[in-house]
Amino acid sequence: MNKETLQLFRTLTELQGASGFEHDVRRFMKQELSKYADEIVQDGLGSVFGLKKGDETGPRVLVAGHMDEVGFMVTQITKNGMLRFQTLGGWWSQVL
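Residue numbering for the sequence shown follows my numbering, starting at 23 and increasing by one per position.
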C-alpha cells in the first residue's frame, strides 16, 4: 500500500461518523469526489453522489457505500466501572 492510500485510510478512520453525525465524513467525501466527478449532488437525506459524464457507448458504473459507522452514546458509568450506553442509529448485535 502506498503512502497516499495509507493516509487516505487514516483520515477516513479518524473522521467522526456515527449515524446522524456524518457531517465530517460528508464534507470530506464531497471534497475528494470533486477531484474526479463533474458534478457533486447531495440529496435531502444527506447522501452524496459524484457524477462523471461519459459518452453513450461506455458502460454505466455505480460505486456505492455508506458514510456512517456504528455509534454508541454512554448514558451511565456504574459504580464498578461498567458502561451503559444507547445506540446511535441501527446496528446488529453480532457486530459487537
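Where a beta carbon is used, it is the ideal one built from N, C-alpha and C, also for glycine.
Cut-off 8 Å between Cβ atoms - residues of its own chain near residue i, not counting five sequence neighbours on either side
i	result
Gly112	Ser41
Per DSSP, cross-strand counterpart(s) of residue i
i	result
Ala40	Glu91
Gln98	Arg106
Reference residue i, options the options, closest by Cα
i	options	result
Glu54	Thr27, Gly80, Phe43	Thr27
Phe71	Gly80, Asp77, Leu84	Leu84
Gly22	Gln29, Gly39, Glu61, Gln38	Given a span of 23 to 118 for the chain in the structure shown, any question on residue 22 remains unanswerable.
Gly87	Ser69, Gln98, Lys101	Ser69
Trp114	Lys74, Phe94, Gln98	Phe94
Collapsed DSSP secondary structure at residue i in the structure displayed
i	result
Leu55	helix
Thr35	helix
Val11	The requested residue 11 is not part of the displayed model; the chain covers only 23 to 118.
Val70	strand
Asp46	helix
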